[in-house]
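Top to bottom, those sequences are chains B and C. Under our numbering, the first residue of the first sequence is numbered 3, with each subsequent residue one higher. Under our numbering, the first residue of the second sequence is numbered 3, with each subsequent residue one higher. Just so it is clear, CB atoms sit at the ideal spot from N, CA and C, and this is done for glycine as well. Computed from a predicted model, the values in this text were never measured in an experiment. Here the structure comes first, spelled out in structure tokens, and everything after it is commentary.
2 protein chains.
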Amino acid sequence: MTEISSLGEFGLIDRLTAGLPAGHASTVMAVGDDAAQLHYDGSTDVLVTTDLLLEGVHFDLTYVPLKHLGYKAAVVNFSDIYAMNGQPRQITVSLGISARFAVEHIDELYAGIRLACEEYGVDIVGGDTTASRQGLVISITCIGEAPADKVVRRSGAKPTDIICVSGDLGAAYMGLQVLEREKVASAGQRDFVPNFAGKEYLIERQLKPEARRDIIAELAEASIVPTAMMDISDGLSSELIHICKDSHVGCRVYEDRIPIDYQTAVMAEELNMNLVTAALNGGEDYELLFTVPLADHDRVKDLKGVHVIGYITDEDKGCALVGSDGESEIPLRAQGFNPLAAEEVPEEPKQANVEAKSSDSEK
Amino acid sequence: MTEISSLGEFGLIDRLTAGLPAGHASTVMAVGDDAAQLHYDGSTDVLVTTDLLLEGVHFDLTYVPLKHLGYKAAVVNFSDIYAMNGQPRQITVSLGISARFAVEHIDELYAGIRLACEEYGVDIVGGDTTASRQGLVISITCIGEAPADKVVRRSGAKPTDIICVSGDLGAAYMGLQVLEREKVASAGQRDFVPNFAGKEYLIERQLKPEARRDIIAELAEASIVPTAMMDISDGLSSELIHICKDSHVGCRVYEDRIPIDYQTAVMAEELNMNLVTAALNGGEDYELLFTVPLADHDRVKDLKGVHVIGYITDEDKGCALVGSDGESEIPLRAQGFNPLAAEEVPEEPKQANVEAKSSDSEK
Numbered sequence: 003m004t005e006i007s008s009l010g011e012f013g014l015i016d017r018l019t020a021g022l023p024a025g026h027a028s029t030v031m032a033v034g035d036d037a038a039q040l041h042y043d044g045s046t047d048v049l050v051t052t053d054l055l056l057e058g059v060h061f062d063l064t065y066v067p068l069k070h071l072g073y074k075a076a077v078v079n080f081s082d083i084y085a086m087n088g089q090p091r092q093i094t095v096s097l098g099i100s101a102r103f104a105v106e107h108i109d110e111l112y113a114g115i116r117l118a119c120e121e122y123g124v125d126i127v128g129g130d131t132t133a134s135r136q137g138l139v140i141s142i143t144c145i146g147e148a149p150a151d152k153v154v155r156r157s158g159a160k161p162t163d164i165i166c167v168s169g170d171l172g173a174a175y176m177g178l179q180v181l182e183r184e185k186v187a188s189a190g191q192r193d194f195v196p197n198f199a200g201k202e203y204l205i206e207r208q209l210k211p212e213a214r215r216d217i218i219a220e221l222a223e224a225s226i227v228p229t230a231m232m233d234i235s236d237g238l239s240s241e242l243i244h245i246c247k248d249s250h251v252g253c254r255v256y257e258d259r260i261p262i263d264y265q266t267a268v269m270a271e272e273l274n275m276n277l278v279t280a281a282l283n284g285g286e287d288y289e290l291l292f293t294v295p296l297a298d299h300d301r302v303k304d305l306k307g308v309h310v311i312g313y314i315t316d317e318d319k320g321c322a323l324v325g326s327d328g329e330s331e332i333p334l335r336a337q338g339f340n341p342l343a344a345e346e347v348p349e350e351p352k353q354a355n356v357e358a359k360s361s362d363s364e365k
Numbered sequence: 003m004t005e006i007s008s009l010g011e012f013g014l015i016d017r018l019t020a021g022l023p024a025g026h027a028s029t030v031m032a033v034g035d036d037a038a039q040l041h042y043d044g045s046t047d048v049l050v051t052t053d054l055l056l057e058g059v060h061f062d063l064t065y066v067p068l069k070h071l072g073y074k075a076a077v078v079n080f081s082d083i084y085a086m087n088g089q090p091r092q093i094t095v096s097l098g099i100s101a102r103f104a105v106e107h108i109d110e111l112y113a114g115i116r117l118a119c120e121e122y123g124v125d126i127v128g129g130d131t132t133a134s135r136q137g138l139v140i141s142i143t144c145i146g147e148a149p150a151d152k153v154v155r156r157s158g159a160k161p162t163d164i165i166c167v168s169g170d171l172g173a174a175y176m177g178l179q180v181l182e183r184e185k186v187a188s189a190g191q192r193d194f195v196p197n198f199a200g201k202e203y204l205i206e207r208q209l210k211p212e213a214r215r216d217i218i219a220e221l222a223e224a225s226i227v228p229t230a231m232m233d234i235s236d237g238l239s240s241e242l243i244h245i246c247k248d249s250h251v252g253c254r255v256y257e258d259r260i261p262i263d264y265q266t267a268v269m270a271e272e273l274n275m276n277l278v279t280a281a282l283n284g285g286e287d288y289e290l291l292f293t294v295p296l297a298d299h300d301r302v303k304d305l306k307g308v309h310v311i312g313y314i315t316d317e318d319k320g321c322a323l324v325g326s327d328g329e330s331e332i333p334l335r336a337q338g339f340n341p342l343a344a345e346e347v348p349e350e351p352k353q354a355n356v357e358a359k360s361s362d363s364e365k
């Protein structure tokens with residue numbers, strides 16, 4: 003028998019889906035991108051993405067309010083649809099509810115989901131609700147649409163394309179560190195008041211992320227169709243490697259071009275953590291990572307909230323971070339959160355993860 | 003605080019989805035049928051349904067082989083799409099996997115899902131895979147299609163329509179009783195050999211149900227579009243009440259017209275259980291329940307595997323079972339499996355359920 007952790011999430015998915023036929027004519031693209039692409043009729047393609055969130059693996063109700071959890075659970079699915087250059091339209095919401103939850107708790111969770119749907123113009127069209135013997139289970143599937151000729155996959159990046167990211171990176175991960183730190187500090191204390199002063203942005207990024215609908219709109223307005231795109235849920239480094247692998251290219255990313263917020267930098271200092279490592283590997287930012295042809299450089303550099311961070315190379319160049327001296331190169335590694343290894347590090351998995359990351363890039 | 007079991011599954015869903023706007027133009031019908039109906043482009047509508055299955059609530063791995071579990075988990079979703087008069091085309095498969103499962107176990111589960119997809123011509127197009135701290139979690143979403151003018155909902159039944167069911171009823175429920183009985187008998191015994199002689203059909207119906215694609219094809223060939231349809235997952239009685247409520251009608255169903263297999267009858271006798279009660283309330287048959295105009299009677303009665311069991315009345319007549327004397331009437335009640343009450347009856351819930359049902363119809 004083979005332990006699942008020996009394969010990791012992507013390894014297991016590769017194994018399970020190996021040789022899967024895309025048999026029906028309506029299946030344009032199946033497993034392996036932010037969302038599946040289906041073509042039924044007319045000029046619009048249907049996009050489908052799904053997420054399964056389990057208590058104790060993906061969220062900790064000690065510090066995550068149920069309404070925020072609901073909001074985030076919906077938004078991360080919208081983010082996957084935007085990452086295909088599509089628009090999210092509908093979701094289904096399935097809940098497994100253990101006995102310690104009252105109706106009012108589920109109302110709170112659902113209020114967050116409904117709020118996200120209102121904000122993003124998405125309809126809740128179905129779901130399933132059942133008892134769970136073991137904590138809260140949230141499974142959301144999102145359906146979106148895009149004109150068939152505007153869908154952007156991970157596989158279209160070409161050498162000389164420039165690499166862009168939206169917003170800033172590492173803040174959601176630092177927010178998690180703040181929350182974990184306060185959780186530890188609060189242990190056994192009554193009337194504990196957590197200290198979030200100066201960390202408000204980090205907490206917001208962790209608890210109430212937004213999907214970058216605005217960037218998709220900006221790109222459309224500027225008539226720019228990225229050659230490849232995905233959202234950053236597992237960390238920039240991991241996602242860059244995905245795009246490069248699927249596009250059969252390499253990349254160079256400049257360390258001093260990676261956008262990082264001031265609060266993120268302060269928190270890294272407090273934790274004595276390598277800031278660039280955190281920005282490269284911290285997950286859950288839900289920013290967009292995309293590539294555009296070099297010819298679009300002038301138009302894309304002026305887009306609000308978009309940063310040019312590097313360029314695509316031939317495949318044999320590999321994926322590397324160019325140091326702030328402009329010369330030294332460090333190979334990128336995928337250090338993203340591995341939910342299938344989560345059971346192995348039940349005690350403060352995030353902290354352990356960080357240490358591993360820091361030591362990996364110390365040179 | 004309100005206990006969730008006080009509302010039940012349908013009560014909770016009603017509460018959570020109350021006043022949900024179907025805001026986007028592409029949402030034709032949201033919550034409240036076997037599947038949601040979406041209209042994007044062209045003449046084809048997109049159907050979406052989803053199911054969340056949790057170990058210990060929906061399945062017991064003591065006697066359910068993983069491959070069968072995978073097959074069934076997929077097929078029950080296909081059944082929901084057929085129940086809209088549609089064709090299933092794609093599924094997403096999300097799995098939460100606890101540490102006691104090895105890769106080979108998940109291979110088995112997935113082999114069952116793949117087999118079902120091959121049999122029914124459905125593609126696996128995505129999913130999510132994660133660790134679970136609490137047993138196996140399976141969340142499947144199925145996407146299907148149907149011509150917009152051929153989609154059949156629960157709400158279209160009209161007085162004088164005739165009521166039809168496919169196949170036979172109660173066998174899956176009796177199969178569960180056999181499996182539970184052998185599980186109890188095997189407790190603490192090594193090398194226990196379960197005795198399934200004469201119960202093969204019941205076991206098959208419970209462990210490897212099929213969706214009635216053939217009936218949908220027959221109806222299409224006969225140019226019959228049902229006025230209302232759903233699949234029987236919670237028991238005939240419960241589903242009839244759904245159709246009548248949504249269509250604002252009543253119904254009369256003849257006790258001696260309800261199709262029951264010989265093995266189901268023998269097992270009811272062995273368990274000293276009311277046979278009709280079991281056929282009315284036993285779930286998981288995944289047969290189709292549908293109504294057609296009276297004018298279609300002659301054509302529908304000759305369809306293979308279809309049984310005419312009663313007729314639709316005005317709403318004020320209510321829903322009733324007509325006894326075998328042709329005169330006595332017993333009001334129908336929804337006694338279907340309530341997954342949100344499952345935690346309250348951890349010890350042999352099915353057995354407790356049956357007793358409650360039997361006593362309800364004893365008069």
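Discussion item. Count Cβ pairs between the stretch 52 to 65 of chain B and the stretch 126 to 136 of chain C that sit closer than 8 Å; are there 3 or more?
Written reply: yes
Worksheet item: Under a three-way DSSP split, which group does M86/B fall into?
Response: coil
Discussion item. Going by DSSP in three states, S239/B sits in which element: helix, strand or coil?
Written reply: helix
Practice prompt. Could you list which residues in chain B have their beta carbon closer than 9 Å to that of V66/C, in chain order?
Written response: Within chain B, no residue comes near V66/C; the closest Cβ sits about 16 Å away, beyond 9 Å.
Worksheet item: In angstroms, rounded to a whole number, what distance separates the CA positions of V75/C and R183/C?
Response: The displayed chain sequence assigns Ala, not Val, to residue 75/C. Going from the Cα of A75/C to the Cα of R183/C covers about 23 Å.
Worksheet entry | Cβ neighbours of T29/B in the same chain (closer than 7 Å, five flanking residues each side left out) | L40
Practice prompt. With a cut-off of 8 Å on the beta carbons, I'd call T293/B and D163/B a contact; round off their distance for me.
Written response: 4 Å
Worksheet item: At least one CB of chain B closer than 9 Å to the CB of D400/C: is that the case?
Response: Outside the modelled stretch of chain C, which goes from 3 to 365, sits residue 400/C, for which no answer is possible.
Fill in: Contacting residues, own chain, Cβ-Cβ under 7 Å from V48/B (five flanking each side not counted)
L40, Y42, I145 and E147
Worksheet entry | Inter-residue CB distance, G312/C and C253/C (contact presumed, cutoff 8 Å) | 6 Å
Discussion item. Checking the sheet assignment: what are the DSSP bridge partners for Q92/B?
Written reply: D125/B and I145/B
Worksheet item: From F103/C to E5/B, what distance separates their C-alpha atoms?
Response: 8 Å
Fill in: Contact under 9 Å by Cβ, A230/B with A159/B
yes
Worksheet entry | I165/B versus D62/B: straight-line alpha-carbon distance, rounded | 34 Å
Worksheet item: How about A344/C: is its C-beta nearer than 9 Å to some C-beta of chain B?
Response: Because A344/C carries a pLDDT of 40, less than 50, the predicted location of this residue cannot be relied on, and no value is offered for it.
Worksheet item: To the nearest angstrom, how far is it from the Cα of L9/B to the Cα of L18/B?
Response: 11 Å
Worksheet item: Quick one: what does DSSP say F103/C is sitting in, helix, strand or coil?
Response: coil
Worksheet item: Would you say A267/C faces chain B, with C-beta separation under 9 Å as the test?
Response: no
Worksheet item: Is any beta-carbon of chain C found at less than 9 Å from that of G157/B?
Response: First, the residue type needs correcting, since residue 157/B is Ser and not Gly in the sequence shown. S157/B does not count as touching chain C.
Worksheet item: Between which two residues does the alpha helix (DSSP H) carrying Y42/B extend?
Response: Counting along the chain, Y42/B falls outside any alpha helix (DSSP H), and DSSP gives it neither H nor E.
Worksheet item: Which whole-angstrom value describes the C-beta separation of R135/B and Q265/C, a residue pair presumed to lie in contact below a C-beta threshold of 8 Å?
Response: Not really, about 32 Å apart at Cβ, beyond 8 Å.
Practice prompt. Figure out for me which residue from L71/C, S168/C, Y122/C and L138/C has the closest Cα to the Cα of L290/C.
Written response: S168/C
Worksheet item: Whose C-beta lies closer than 6 Å to the C-beta of D170/C among residues of the same chain, with five residues either side of it excluded?
Response: P261, I262 and D263
Practice prompt. Under the assumption that C321/C contacts L242/C (Cβ atoms under 8 Å), give the Cβ distance between them as a whole number of angstroms.
Written response: 6 Å
Worksheet item: Listed in chain order, which residues of the stretch 146 to 180 of chain B have Cβ atoms closer than 9 Å to some Cβ of chain C?
Response: E147
Practice prompt. Identify which residue in E329/B, A297/B and A37/B has its Cα closest to the Cα of V154/B.
Written response: A37/B
Worksheet item: Is any beta-carbon of chain C found at less than 9 Å from that of E5/B?
Response: yes
Discussion item. To the nearest angstrom, how far is the alpha carbon of S225/C from that of M232/C?
Written reply: 18 Å
Worksheet item: Which residues in chain C sit within 8 Å of E106/B, going by Cβ to Cβ distance?
Response: M3 and T4
Fill in: Spatial distance of Q353/B from T46/B (CA atoms)
Interpretation of Q353/B is limited by its pLDDT of 32, a score under 50 that renders its predicted location unreliable; no figure is taken from the coordinates.
Worksheet item: So does the stretch 214 to 222 of chain C actually touch the stretch 76 to 95 of chain C, counting three or more Cβ pairs closer than 8 Å?
Response: yes
Discussion item. On the CB-based measure, 16 or more other CB atoms within 10 Å of its CB, does H60/B come out buried or exposed?
Written reply: buried
Fill in: Endpoints, alpha helix (DSSP H) assigned at M176/C
A173 to S188
Worksheet item: Which word fits Q191/C, buried or exposed, when buried means at least 16 other C-beta atoms lie within 10 angstroms of its C-beta?
Response: exposed
Worksheet item: Would DSSP call S168/C helix, strand or coil?
Response: strand
Fill in: C-beta atoms of P228/C and S81/C nearer than 9 Å
no
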